[in-house]
Amino acid sequence: MTATDFFSLMPLIIIATAAVIVMILIAVKRNHSVVAGVSLAAFALAFLSLFRITAVTPHTLPPLLIIDNYALFYMGLIFAASFAVTLLSYNYLKSYNFNLEEYYILLLLAALGASTLAISQHFVSIFLGLEILSVSLYALIAYVRTWERNLEAGLKYLILAAQSSAFLLFGMALVYASLGSMNINDMAQLLSGANLGPLALIGFALMIVGIGFKLAVVPFHLWTPDVYHGAPAPVTAFIATVSKGGVFALLLRFFVAIDIYNYESLVIAFSVIAIASMIFGNVLALLQNNVKRILAYSSIAHLGYLLVAFLSGNNLSVDAATLYLTAYAITIMGAFSIVSLLSGKEQESDKLEDYRGLFWRRPVLSAVFTAMMFSLAGIPLTAGFIGKYFILSAGVHSAKWLLVIVLVLTSVIGLFYYLRIVVAMYSAPTDDMPSQPGISRSVSFSGVLVLAGLTILLVWFGVFPQGFISLIQNMVSSLQDVYLSMIV
Amino acid sequence: MSNEIQLWPFAVYTLSVFLIVAIMVILSHFLGQRHKEKETGEAYESGIMTTGTARLRISPQFYVIAMFFLIFDLEAVFIITWAIAFKEVGWVGYLGILVFIGILLVVLLYEWRIGALDYAVSGKKIVKKFKQLNKEVI
Amino acid sequence: MISIPMEFGLILAGTLFVLGLIGLMVRRNIIFVLMSIEIMINAAGAAFIFAGAKWGEPDGQIMFLFILAMSAAEVAVGLGLILQIYHKFQTLDGDTVSKMRG
Numbered sequence: 001m002t003a004t005d006f007f008s009l010m011p012l013i014i015i016a017t018a019a020v021i022v023m024i025l026i027a028v029k030r031n032h033s034v035v036a037g038v039s040l041a042a043f044a045l046a047f048l049s050l051f052r053i054t055a056v057t058p059h060t061l062p063p064l065l066i067i068d069n070y071a072l073f074y075m076g077l078i079f080a081a082s083f084a085v086t087l088l089s090y091n092y093l094k095s096y097n098f099n100l101e102e103y104y105i106l107l108l109l110a111a112l113g114a115s116t117l118a119i120s121q122h123f124v125s126i127f128l129g130l131e132i133l134s135v136s137l138y139a140l141i142a143y144v145r146t147w148e149r150n151l152e153a154g155l156k157y158l159i160l161a162a163q164s165s166a167f168l169l170f171g172m173a174l175v176y177a178s179l180g181s182m183n184i185n186d187m188a189q190l191l192s193g194a195n196l197g198p199l200a201l202i203g204f205a206l207m208i209v210g211i212g213f214k215l216a217v218v219p220f221h222l223w224t225p226d227v228y229h230g231a232p233a234p235v236t237a238f239i240a241t242v243s244k245g246g247v248f249a250l251l252l253r254f255f256v257a258i259d260i261y262n263y264e265s266l267v268i269a270f271s272v273i274a275i276a277s278m279i280f281g282n283v284l285a286l287l288q289n290n291v292k293r294i295l296a297y298s299s300i301a302h303l304g305y306l307l308v309a310f311l312s313g314n315n316l317s318v319d320a321a322t323l324y325l326t327a328y329a330i331t332i333m334g335a336f337s338i339v340s341l342l343s344g345k346e347q348e349s350d351k352l353e354d355y356r357g358l359f360w361r362r363p364v365l366s367a368v369f370t371a372m373m374f375s376l377a378g379i380p381l382t383a384g385f386i387g388k389y390f391i392l393s394a395g396v397h398s399a400k401w402l403l404v405i406v407l408v409l410t411s412v413i414g415l416f417y418y419l420r421i422v423v424a425m426y427s428a429p430t431d432d433m434p435s436q437p438g439i440s441r442s443v444s445f446s447g448v449l450v451l452a453g454l455t456i457l458l459v460w461f462g463v464f465p466q467g468f469i470s471l472i473q474n475m476v477s478s479l480q481d482v483y484l485s486m487i488v
Numbered sequence: 489m490s491n492e493i494q495l496w497p498f499a500v501y502t503l504s505v506f507l508i509v510a511i512m513v514i515l516s517h518f519l520g521q522r523h524k525e526k527e528t529g530e531a532y533e534s535g536i537m538t539t540g541t542a543r544l545r546i547s548p549q550f551y552v553i554a555m556f557f558l559i560f561d562l563e564a565v566f567i568i569t570w571a572i573a574f575k576e577v578g579w580v581g582y583l584g585i586l587v588f589i590g591i592l593l594v595v596l597l598y599e600w601r602i603g604a605l606d607y608a609v610s611g612k613k614i615v616k617k618f619k620q621l622n623k624e625v626i
Numbered sequence: 627m628i629s630i631p632m633e634f635g636l637i638l639a640g641t642l643f644v645l646g647l648i649g650l651m652v653r654r655n656i657i658f659v660l661m662s663i664e665i666m667i668n669a670a671g672a673a674f675i676f677a678g679a680k681w682g683e684p685d686g687q688i689m690f691l692f693i694l695a696m697s698a699a700e701v702a703v704g705l706g707l708i709l710q711i712y713h714k715f716q717t718l719d720g721d722t723v724s725k726m727r728g
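Take a look at the structure:
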């Protein structure tokens with residue numbers, strides 16, 4: 001290990017150290033605010049350290065890790081999202097009187113796992129990152145254990161995620177058995193356009209099952225609505241942004257490296273998954289009456305859109321996918337922040353009924369929520385529109401007409417349920433409504449901070465996208481450069 | 489060829505094992521004597537009478553201890569792996585295992601402080617509570 | 627020294643994996659579901675060892691160590707969750723616990 005190695009791993013070291021420090025702090029004396037402050041500082045420091053690391057990228061730590069600009073971008077996304085989740089959680093957990101401090105250890109560890117995924121280039125580190133992420137998530141989802149549905153969601157996630165890890169592992173073992181290497185780059189060279197043997201093909205299929213579960217794409221989506229519904233709202237935001245972002249970063253790197261577009265069978269498999277996700281996600285969301293469940297189904301559909309970007313397989317696809325993921329992360333984080341800020345103790349404001357007439361009581365919050373819904377629907381002047389535009393142009397560029405048509409049609413279906421929430425908010429309130437304790441609660445300073453930051457980002461991204469686009473292109477193009485140079 | 493080893497002795501051996509066990513069980517079933525008096529099922533002379541079922545409810549604390557054992561037990565695997573490769577990994581490896589054991593120590597400290605290692609309610613706490621209650625009564 | 631071909635090992639691992647999967651789908655008791663998942667994960671670990679033996683590398687065994695450690699962590703969290711569920715629902719039947727629909 002050289003000094004550069006340590007330097008380039010700085011963000012991970014900061015996060016891991018912070019987790020240990022929090023543990024010591026709890027052992028000395030429990031204090032919710034101090035622990036939350038340490039976690040916030042850790043995420044901020046880790047985020048800032050990324051800017052220093054750009055000086056040494058791309059840096060490889062053979063055989064496990066690679067730190068390139070692409071990884072740095074995704075790590076930035078993960079740390080920023082975790083920062084926002086920490087602020088929200090502080091607000092959300094304050095009213096509970098059981099041990100709250102361990103929550104932040106788990107949050108730090110989950111972020112550590114997700115960022116490990118972003119820099120992995122070897123099965124061992126992929127497995128470790130994924131498991132650190134999901135084992136922390138089991139406990140985070142079931143953290144408010146006085147709720148019944150919280151425990152239920154934790155159990156469901158535990159069973160399905162552990163099972164998907166088993167699939168992923170078995171797939172990895174078969175790929176290793178057939179290729180003789182667990183390093184992505186070696187694999188790319190060994191394969192280099194050659195036909196996949198039956199063993200490797202089964203292995204990749206099992207790995208798709210495993211990754212598909214983590215990303216919650218159809219037909220591996222069954223856990224999503226229940227877990228989104230049952231988990232505390234900040235944790236749901238974390239799953240939707242950090243967990244999916246980390247796994248998607250990994251998937252993108254893996255498939256760009258082995259150049260998936262040479263394998264007809266894999267492309268067809270992913271196209272089927274993408275189409276099914278877009279259709280099922282959007283149609284099933286129409287049937288829901290709970291905002292968290294609607295957002296869960298919409299997340300399935302959005303992952304389908306992301307796959308379209310990544311399947312188009314031209315030089316736009318990685319840019320478009322990353323752009324869309326960033327826009328989606330900002331938006332969904334904003335939406336769940338509002339759900340979390342409006343929730344009272346023991347009961348979350350997640351039923352559509354709770355939002356009826358919200359505008360007349362909380363105009364600012366409703367306006368922000370409306371902006372988030374518009375962005376999810378892909379209406380111009382929001383981040384979601386820019387993301388969707390790039391995906392469409394990537395799809396059109398490589399003439400994936402079927403995918404593009406399904407995308408456009410399902411987006412129209414999507415408009416219905418996003419507007420349903422918006423319409424509910426602006427409809428006149430009735431007097432005999434059961435009052436939700438959380439609705440009238442005043443929003444704390446940290447909540448205002450998160451919401452204001454996200455709203456500014458959302459509109460800025462939507463109105464002046466040029467800066468974001470060039471930033472993302474600069475950061476992400478390294479992925480293709482690295483692997484193209486390797487293949488040539 | 490190594491694959492063309494003679495398998496039939498093994499098959500004969502396996503078969504004969506099953507055969508002998510089957511013969512023993514079946515013969516003793518027909519030849520052995522059986523009785524069914526009042527005391528047959530009871531414990532032998534000075535043995536202890538059974539009470540209740542064998543399915544006891546065990547305190548959750550045992551599960552917690554079992555989990556700690558499971559986890560700390562597995563950490564030994566990594567330490568032994570390091571010990572095997574002691575010469576090859578050198579000082580960097582030493583530093584690594586130092587950090588690893590350091591984290592384990594912090595975890596132990598944490599578990600001790602939050603009271604996860606207390607098998608039972610501590611005597612001091614009971615006495616303290618008792619005195620407190622006494623005072624309230626007076 | 628007679629070496630067993632890797633395919634035999636993979637068939638064994640695959641059989642174990644499928645058995646675990648069947649157990650996962652058939653069983654209703656949460657403890658048995660966890661046990662089935664453990665069988666699946668360990669089958670994958672066995673497959674790694676056979677693959678490592680084929681290539682003459684220790685990588686497969688190293689992976690198995692990580693799998694062991696991670697499945698222990700998973701079981702620990704799982705048992706903790708099960709204790710809480712038993713405390714709350716007084717049952718370990720998966721269908722009783724599952725209330726959310728849609």
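Protein chains in written order, with my numbering: chain P, 1 to 488; chain D, 489 to 626; chain R, 627 to 728.
The beta carbon of each residue, even a glycine, is placed where N, CA and C say it ideally should be.
A quick note: this is a predicted structure, and the numbers were derived from the prediction, not measured.
At a Cβ-Cβ threshold of 8 Å, P:A71 and P:I132 do not count as neighbours. For P:T17, the enclosing alpha helix (DSSP H) stretches over residues 10-28. Taking CB atoms only, D:I559 has a neighbour in chain R less than 8 Å away. Between the beta-carbon of P:T370 and that of P:V423 there is about 10 Å, and that puts the pair past the 8 Å contact cut. If you check the CB distance, P:I386 and P:A329 do not come in under 8 Å. The beta carbon of R:L636 does not come within 8 Å of any beta carbon belonging to chain D, so the residue lies off that interface. When beta bridges are read from the DSSP output, R:N655 appears opposite R:D719. Residues of chain P whose Cβ lies closer than 7 Å to the Cβ of D:I589 do not exist, since the nearest Cβ in that chain is about 13 Å away. Contact between the segment 356-368 of chain P and the segment 290-301 of chain P is not established, with fewer than three Cβ pairs separated by less than 8 Å.
In this structure the segment 51-60 of chain P does not touch the segment 22-30 of chain P; the number of beta carbon pairs closer than 8 Å is below three. With contacts defined as CB atoms closer than 8 Å, P:G230 and P:R149 qualify as a contacting pair.
For P:H59, no alpha helix (DSSP H) encloses it; the enclosing beta strand (DSSP E) starts and ends at 59-61. Here the alpha carbons of R:A698 and R:A639 stand approximately 20 Å from one another. In this structure, DSSP gives D:L544 a state outside helix and strand, which the three-state scheme calls coil.
At least one C-beta of chain D is nearer than 8 Å to the C-beta of R:L694. Here P:W223 is buried. Its C-beta has 16 or more other C-beta atoms within 10 Å. Any Cβ of chain D closer than 8 Å to the Cβ of P:A27 would place that residue at the interface, and such an atom is present. At least one C-beta of chain R is nearer than 8 Å to the C-beta of P:R145. Proximity of chain P to D:Y598 at the Cβ level (cut-off 8 Å) is accounted for by M23, I24, I26, A27, in chain order. DSSP, reduced to helix, strand and coil, places P:I78 within a helical segment of the structure shown. With respect to P:F127, R:F643 sits apart: the two C-beta atoms are not nearer than 8 Å.
In the structure shown, R:S629 falls within a coil segment according to DSSP collapsed to helix, strand and coil. Under the three-state reduction of DSSP, P:H122 is assigned to strand. Identification of chain P residues near R:S724 by a Cβ-Cβ cut-off of 9 Å yields E152, L155, K156, D226, ordered along the chain.
P:A81 places its beta carbon less than 8 Å from that of P:M333. For R:L709, the neighbours in chain D by C-beta distance under 7 Å run, in chain order, P548, Y551. Taking a contact to require three or more Cβ pairs closer than 8 Å, the segment 151-171 of chain P and the segment 251-265 of chain P do not qualify as touching. Using a Cβ-Cβ cut-off of 7 Å, R:I657 is close to nothing in chain P; its nearest Cβ partner there is about 12 Å away. The Cβ neighbour count for P:M182, taken over all protein chains shown within 10 Å, is at least 16; the residue is labelled buried. Residue contact check for D:V594 against chain P: a CB pair falls below 8 Å.
Taking a Cβ-Cβ threshold of 7 Å, the residues of chain D close to R:L705 are Y551, M555, in chain order. Per the coordinates, the alpha-carbon of P:P11 lies some 7 Å from the alpha-carbon of P:L50.
Unbroken alpha helix (DSSP H) runs of no fewer than 4 residues, entirely contained in the segment 173-257 of chain P, are found at 184-191, 198-215, 223-230, 233-238, 244-257, following chain order. For R:L691, the residues of chain D that pass the 9 Å Cβ criterion are L562, V565, F566, T569, in the order they occur in the chain.
By the neighbour-count criterion, in which a residue is buried when 16 or more other Cβ atoms sit within 10 angstroms of its Cβ, P:D68 is buried.
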